[in-house]
Every structure is written in C-alpha cells, then in structure tokens.
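Heads up: the structure comes next, in structure tokens.
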Amino acid sequence: MFRAGGRRPGPDERSSRAEQAGETTRPGSDPLQAPPLSVWATAQRSSRAQRSGRYLAASMAHPGKMLPAVARHAIRHYSRAQDVVLDPMCGIGTTLVEAVHLGREAVGIEYEPRWADLARNNVGAAAARGARGEADVLAGDARDVTRLLHRRYHGRVALLLTSPPYGSTTHGYVSRTPEGRITKTDHRYSRNRANLAHRPLPALLEGFTEILDACRPLLAPDAVVVVTARPYRRDGRLVDFPSAVITAAADAGYRMAERNVALLAGIRGDRLVPRASFFALHHLRDPRRAHGHHHLLVHEDVLVFVAR
Ligand SMILES: C[S@@+](CC[C@H](N)C(=O)[O-])C[C@H]1O[C@@H](n2cnc3c(N)ncnc32)[C@H](O)[C@@H]1O
18 MFRAGGRRPG
28 PDERSSRAEQ
38 AGETTRPGSD
48 PLQAPPLSVW
58 ATAQRSSRAQ
68 RSGRYLAASM
78 AHPGKMLPAV
88 ARHAIRHYSR
98 AQDVVLDPMC
108 GIGTTLVEAV
118 HLGREAVGIE
128 YEPRWADLAR
138 NNVGAAAARG
148 ARGEADVLAG
158 DARDVTRLLH
168 RRYHGRVALL
178 LTSPPYGSTT
188 HGYVSRTPEG
198 RITKTDHRYS
208 RNRANLAHRP
218 LPALLEGFTE
228 ILDACRPLLA
238 PDAVVVVTAR
248 PYRRDGRLVD
258 FPSAVITAAA
268 DAGYRMAERN
278 VALLAGIRGD
288 RLVPRASFFA
298 LHHLRDPRRA
308 HGHHHLLVHE
318 DVLVFVAR
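Just remember that this note's numbering sits 17 ahead of the position in the sequence shown, which is counted from 1.
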C-alpha cells in the first residue's frame, strides 16, 4: 500500500502494525498530532476481479459492497490472528470472508435476511477454500446489537469494520434492452422502507450513530473502529458523506485517529487509471455543471476511530 508521500513500503512495512513485534501504539494515541493519513492502493484490480473465485456469484447483486482489498488491508493492519472482528452492517459478508481468511474470528449482523444468508454462504465457501477463522452471521437490526450477540463477544471485539449504506443514486448496473431502453438493476438493498439505506440522509446518520453507540459495550479496551465512506454526487451537488460519518462517530463517543484514502483507481506508473462507474461518468456529464470544474471521484475515505 502507498503511504502519503508516495513511498512504496517494503513487505515488512506492509504487514500489520499490530503484527509487528513489540509495537503497542494505538492509532492516534498522541492527542497533539493531527490524524495521520495514508493512501491505500486497493484498486489495482476491478471489484469483480477481486471477488472472482472468492465470493459466490450472487454477491454481485448487492448494491454497495466494500472492496475486498480495503477490508483485507484494514483487518491485517488493525487486528491480530484470532482477534474478534465485527461488522454490524455486513451485507454479503466482505469483512467476514476476509477476516476468516486471515485467521480472525468474525461476527456480522445484517438487516436483510437475503444478504445475511448470502454472507453465511460466502463464509461457508471461504471455509471450503481453507479459511481458518470462524464467523457467525445474524439477521437483525444492529441497533439491538448487544441483545443479538452472544455474551461471549461482549468486550472482546478488537476491530469493528463497516460501511453504512449511502448514495443509492450511484448504485446498480446499467444495461440497454434490445429495444434500446436503458435499464438499471441491482440498485436496491431491499424494498423494506425500514432499512437505513432507504431513509433520508439525516435519519440514516441518526441510525448509524445509534449503531456505533450500541456497539460500544462489545469493544475491547484498545479496539479500533474503521468505517469506509465515499463522497458522492446527488442532484448535481457533492455530498460530503465522510464528514457526516465523522460527526456521527463523534456523537456516538468516538475520536478520529486516522483518515486514510483508499484508491478506487488503478496505478500505472505515475498515473491513476480510473475505474469510473456509469453513474460517476453520468454525473460528470450533467449539463447543469457544464460551467464548473468537476472531477471524477477516485477514492473512498477509510476513517479510523477509537473510543473517547
Ligand atoms: C454498504 S452496505 C454494507 C456492505 C458490506 N460491507 C459488504 O461488503 O457486503 C450496508 C448494509 O447495511 C444494511 N443495513 C441497513 N440498515 C441496517 C440495520 N439497522 N442493521 C443492520 N444492517 C443494516 C443494508 O441492508 C446493507 O446491506
């Protein structure tokens, strides 16, 4: 992974900070320093290529998956073998699959039974491919996390890694029918209006704050909370969703310890090669913005928090 400053670290530096012998520093443990920043080169292969042979094909129908390379890097970097890794909004189980491949114990909650089943099946497929860790998946509302999760997890979660649902205008696959019509598929999490994905932004953020707050009794004393979130465009405007997540985490009693940038573009030599979705390109072409300067978004924020 690239560090800020463009230096490519050697293999030892790439291995987990937690795994480096004798290292005890917690992210952001020096209150006088600005949060450190790293750039993670996590898009050297497309999302589909990263999943191929590792996730069941049905996973592609989920509209807002985390990049496996982002999850893997976060788990390596912020947890140790046999630690408990929690994803309270686990979707099709990217966090869990990558965690069990790295020998962690994982547990996930997902509101939609359809995605929870798929997460379970993805974890089963990982076990069949030799993953050593184990994972539990529960269907339910993560605001009830302490009731849903067995007491054995309480106080033991070393890493909470998750991404809230957002930016539904940017989800899905676009294709053209034989009659020439443009259609959009796989852009919904469900038709359940109670899913936070379907709530207006303030209600979604309120729900996310409640989830982060509810997770606190589960965390080990030196636990790290990692949230991935992308800025996105809606109706011609840039929505600074990562800043909204930072506010939600602060409201739930967490302090930001690192702010990282996971690239959604490949790197070829000294150039970024964007893997822009239909929606990203569409938003750029919108005539309402023809007069201004607009850029393709080629990153997502990886926000790292610790309990205050
Ligand atoms: C951005 S997706 C997470 C995707 C996941 N990281 C993956 O790679 O599959 C957010 C997920 O949160 C789920 N969700 C929404 N409200 C929830 C709630 N109250 N409790 C638990 N999960 C919820 C959605 O159904 C969606 O699958």
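Note that CB positions come from ideal geometry on N, CA and C, so glycine has one too. If you're wondering where the values come from, they're calculated on a predicted model, not measured in any experiment.
Between residue i and residue j, which are expected to be in contact by the criterion C-beta below 8 angstroms, what is the C-beta distance as a whole number of angstroms?
{"i": "Thr163", "j": "Pro234", "result": "6 angstroms"}
{"i": "Leu280", "j": "Val56", "result": "6 angstroms"}
{"i": "Arg292", "j": "Ser63", "result": "6 angstroms"}
{"i": "Glu326", "j": "Ser207", "result": "Nothing can be reported for residue 326, as the shown portion of the chain is limited to 18 through 325."}
{"i": "Gly12", "j": "Asp104", "result": "This structure cannot speak to residue 12, because the chain is shown only from 18 to 325."}
{"i": "Gln61", "j": "Gly286", "result": "That belief does not hold up - the Cβ atoms of Gln61 and Gly286 are roughly 13 angstroms apart, past 8 angstroms."}
{"i": "Ala123", "j": "Val102", "result": "5 angstroms"}
{"i": "Val244", "j": "Leu320", "result": "5 angstroms"}
{"i": "Leu119", "j": "Arg146", "result": "Wrong, their Cβ atoms sit about 13 angstroms apart, outside the cutoff."}
{"i": "Gly108", "j": "His79", "result": "5 angstroms"}
Considering residue i, what are the terminal residues of the beta strand (DSSP E) in which it resides?
{"i": "Pro291", "result": "288-291"}
{"i": "Arg254", "result": "254-256"}
{"i": "Thr245", "result": "236-246"}
What does DSSP give as the partner residue(s) for residue i in the beta ladder?
{"i": "Asn212", "result": "For Asn212, which the question treats as bridged, DSSP gives no partner whatsoever."}
{"i": "Asn277", "result": "Val319"}
{"i": "Gly283", "result": "Val290"}
{"i": "Thr226", "result": "Bridge partners of Thr226: none, in fact."}
{"i": "Tyr249", "result": "Val256"}
{"i": "Thr122", "result": "Checking the displayed sequence, the identity of residue 122 turns out to be Glu instead of Thr. In the DSSP output, where bridge partners are listed per residue, Glu122 has Val101."}
{"i": "Thr179", "result": "Val244"}
{"i": "Glu127", "result": "Ala156"}
{"i": "Tyr271", "result": "Ala324"}
{"i": "Val174", "result": "Val101, Leu236"}
Would the beta-carbon of residue i fall within 7 angstroms of that of residue j?
{"i": "Ala237", "j": "Ala324", "result": "no"}
{"i": "Val154", "j": "Arg137", "result": "yes"}
{"i": "Pro85", "j": "Glu127", "result": "no"}
{"i": "Cys232", "j": "Leu165", "result": "no"}
{"i": "Asp100", "j": "Arg131", "result": "no"}
{"i": "Met83", "j": "Thr59", "result": "no"}
{"i": "Tyr72", "j": "Asn139", "result": "yes"}
{"i": "Ala266", "j": "Phe322", "result": "yes"}
{"i": "Arg276", "j": "Pro52", "result": "yes"}
{"i": "Phe225", "j": "Pro259", "result": "no"}
{"i": "Leu135", "j": "Ala75", "result": "yes"}
{"i": "Glu328", "j": "Arg160", "result": "It is not possible to answer for residue 328, since the shown part of the chain is limited to 18 through 325."}
{"i": "His316", "j": "Val278", "result": "yes"}
{"i": "Val213", "j": "Leu221", "result": "As written in the sequence, residue 213 is Leu, which differs from the Val given in the question. Yes."}
{"i": "Leu113", "j": "Ala142", "result": "no"}
{"i": "Val117", "j": "Gly157", "result": "no"}
{"i": "Val241", "j": "Tyr95", "result": "yes"}
Can you tell me where the alpha helix (DSSP H) with residue i in it begins and where it stops?
{"i": "Leu113", "result": "111-118"}
{"i": "Asp153", "result": "Note, Asp153: premise wrong, no alpha helix (DSSP H); beta strand (DSSP E) at 152-156."}
{"i": "Asp104", "result": "Unbroken run through Asp104 is the beta strand (DSSP E), 101-104; no alpha helix (DSSP H)."}
{"i": "Ala86", "result": "85-95"}
{"i": "Ala142", "result": "130-145"}
{"i": "Ser64", "result": "64-68"}
{"i": "Leu165", "result": "162-165"}
Just checking residue i against ligand 3 - is the residue's beta carbon closer than 6 angstroms to any of the ligand's heavy atoms?
{"i": "Tyr72", "result": "This structure simply doesn't include ligand 3; it includes ligand 1 instead."}
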